[in-house]
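If you use the working numbering, the sequence shown corresponds to residues 6 to 492, in order.
From the three backbone atoms N, C-alpha and C, an ideal C-beta is built for every residue, glycine too.
Please read these numbers as outputs of a predicted model, since none were measured by experiment.
What follows is one structure encoded as structure tokens, with my remarks underneath.
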Amino acid sequence: MRDYERLKSITILYVEDSKFLSKMTAYSIRDYFNKIYIAHDGQEGLRLLREHNAEIDIVVTDLIMPILDGKQMIKQIREGGCSVPIIVTTGYDEYMEREKMLEFSIGAFLSKPIDKHKLLDSIDDTIDALFIKRELATKKAMIDNDIIYSESDKNGIIRYVSKPFERISGYSKEELLGNTHAILKSKETSESTYKEMWKNLSSYKQWQGEITNRKKDGSLYSVNMIISPMYFRNKLIGYSATSLDTTELKRTSAELQAKSKHAALGEMIAMIAHQWRQPITSIGMIANNLQFDMLMDELDINVLEENLKIIDSHVKHLSSTIDVFKNFLQESKTKESIVMQNIIKEALLVLREDARDTKIKYDVDEKCASIEFDTFKDELVQAIINIIINSKDALIQNNIEEPKIKIICAKDSDFITISISDNGGGIDDDVLPKIFTPYFSTKNEKNGTGLGLYMTKTIVEENLDGELSVSNIDNGAIFTIKLPYKS
């Protein structure tokens, strides 16, 4: 026996001239349906259907009735453009009428007297298409009202846009239909992105990526877009595009990056001030000694030359730290060829005095000297500095007796990998998943902003198109930077 649970959402128009039969039938099936309207002739049936057109899901009708018979009623329903499912109940002498009525798309015929379960089965079978239609209508309404969605033909001409698409672009449907998406194109999206997109679509593959478009008023908005080929009978007929508005997300991300940059700036200023203290003190002491020797008329030319060399070495060191600081403030605009060992040296130069104070031993893999590739140099230096600072703080915080930081470089046909590990005891399991979250810090409130590693992940993944991950090893943690490489 069938489960008729889904029929409870269905409203029926039952047209039967016999008041006794209509009353008995309606009474026997009333608990199975949402509502049943009853008419006793075709004219009354048409009136009820017009009045409750949005509500009535199916019509069950007799054929022979006074005033307007069932056949004429059905004919007028179809000629009026209404596609409501219709079930016809017929007597034995009306059997031949069935063939004549097939042109009116009758869902089912039932012989009288009506069996309740046969009627329920017939209605259940007939409304399959209705439920599919309802589901499609619900999805269409959802797409049209809630999703940034468009459809284009195989030549890229826009054939459909949803209301959210109109709102975000600032163009009306009439202005968009017949145009291509080039009407929204901005210079903020690189040509390489568009080339990659069409390369995928030309190969009948789905494409997903970030696009920055220009609104009708000239302002910009960003979307994460998925474009998929559409087929009919295995032939390409066009493309559908579903988008997620990321404008606010990018703005918030930019604000967080600015804040994290400011936090890292403070750390770098503190490091540079710390590094400058020793050479400036040394230069001051040399100057005092030389001045004293001059006053005592004991100035030795060899001692003078030696001290001038020391001063020159200190000045070069001070100058180099200024260069690093300047590069930190002004990010690279173009990629340049770099040797990985030089990048690590530059990062360690900033941290040199700190390493002396904390007795940290740095072990740099020899392979780093042989790895050369194109990247944004200053951003990579900044990312490595941030990771080393995090390792250094863990070593100090956990009072490691023989603190070590190891840097290993590797290269294959597709990627450059830089691994930075320490023996600082590792990261707690509950902290590990949140380590790159903005404002989450493992340091105390005085020393931590919770933005350094967030900024580092942003630099590596957004600026350098790479990946940054972290995991625990036997006696510490290891951060791995994975960057794309083209030989």
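Alpha carbon of V386 to alpha carbon of K192, nearest angstrom: 29 Å
So what does DSSP say about V369, is it helix, strand or coil? strand
Short check: CB of Y37 to CB of Y9, under 8 Å? yes
Would you mind reading off the limits of the alpha helix (DSSP H) that contains R164? Taken as a continuous stretch (DSSP letters only), R164 belongs to no alpha helix (DSSP H), being part of the beta strand (DSSP E) at 163-166.
Helix, strand or coil: how does DSSP classify L381 here? According to the sequence as given, residue 381 is Phe; it is not Leu. Reduced to three states, the DSSP call for F381 is coil.
Among the residues of its own chain, which have a CB less than 6 Å from the CB of K221, if the five just before and after it don't count? G175, Y176
For the candidate residues N293, M301, T198, whose alpha-carbon lies nearest to that of L313? N293
Below 6 Å CB to CB, which residues in the same chain sit around I423 once its five sequence neighbours on both sides are set aside? C414, I486
N493, enclosing alpha helix (DSSP H) - first and last residue: Because the chain in this structure spans residues 6 to 492, residue 493 falls outside the shown range and cannot be described.
Buried or exposed: which applies to F572, given that a residue is buried once 16 or more other Cβ atoms fall within 10 Å of its Cβ? Outside the displayed span of the chain (6 to 492) sits residue 572, for which this structure offers no information.
In terms of residues, what are the limits of the beta strand (DSSP E) holding G50? From DSSP, G50 is part of no beta strand (DSSP E) but of the alpha helix (DSSP H) over 47-56.
So what's L182 in DSSP terms, helix, strand or just coil? coil
Between the Cα of T461 and the Cα atoms of F297, I440, I478, P234, which residue gives the shortest distance? Of the candidates F297, I440, I478, P234, the one whose C-alpha sits nearest the C-alpha of T461 is I440.
A59, enclosing alpha helix (DSSP H) - first and last residue: Where A59 is concerned, there is no enclosing alpha helix (DSSP H), given that its DSSP letter is neither H nor E.
Would you decide whether L12 is buried or exposed? Buried here means 16 or more other CB atoms lie within 10 Å of its CB. buried
Could you have a look at E215 and say whether DSSP puts it in helix, strand or coil? strand
So is T30 buried or exposed if we call it buried at 16+ other beta carbons inside 10 Å? buried
Cβ-based burial, L488 [other Cβ within 10 Å; buried from 16]: buried
Measuring alpha carbon to alpha carbon, tell me which residue in D398, S342, G86, I119 is nearest I92. I119
Should D62 be labelled buried (16 or more other beta-carbon atoms within 10 Å of its own) or exposed? buried
Using 8 Å as the threshold, is the C-beta distance between K121 and I34 below it? yes
Separation of E407 from G430, as counted between CA atoms: In a straight line, the C-alpha of G430 is about 12 Å away from that of E407.
Among I405, A44, I410, which one has its Cα closest to the Cα of I394? I410
For S474, the three-state DSSP class (helix, strand or coil): strand
Tell me whether D149 sits in a helix, a strand or coil according to DSSP, three-state version. helix
Would G183 and I162 qualify as a contact pair, given that the criterion is a beta-carbon distance under 8 Å? yes
So, is the C-beta of N160 closer than 8 Å to a C-beta in chain B? Absent from the structure is chain B; it holds one protein chain and no more.
So the alpha helix (DSSP H) Y32 belongs to, where does it begin and stop? 24-34
Three-state secondary structure assigned by DSSP to S248: Residue state for S248 is assigned as strand, using DSSP reduced to three classes.
Report back the beta-carbon spacing between D94 and L115 to the nearest angstrom; my notes put them in contact at under 8 Å. Strictly speaking, residue 94 in this sequence is Thr, with Asp absent from that position. So it is a contact: roughly 5 Å between Cβ atoms.
So, at 6 Å on beta carbons, what are the nonlocal neighbours of E472 in its own chain, with the 5 sequence-adjacent residues on each side left out? These residues qualify, in order along the chain: K487.
Specify, as a first and last residue, the run of the beta strand (DSSP E) that L409 falls within. Just to set this straight, residue 409 is Lys in the shown sequence, not Leu. Counting along the chain, the beta strand (DSSP E) containing K409 begins and ends at 409-416.
Checking 8 Å against the spacing of the C-beta atoms, do V465 and A352 come in under that value? no
Roughly how many angstroms lie between the CA atoms of L241 and Q213, to the nearest whole one? Taking the straight line joining both Cα atoms gives about 19 Å.
Taking G223 as the reference, give the member of S195, R52, L189, W203 with the closest Cα. L189
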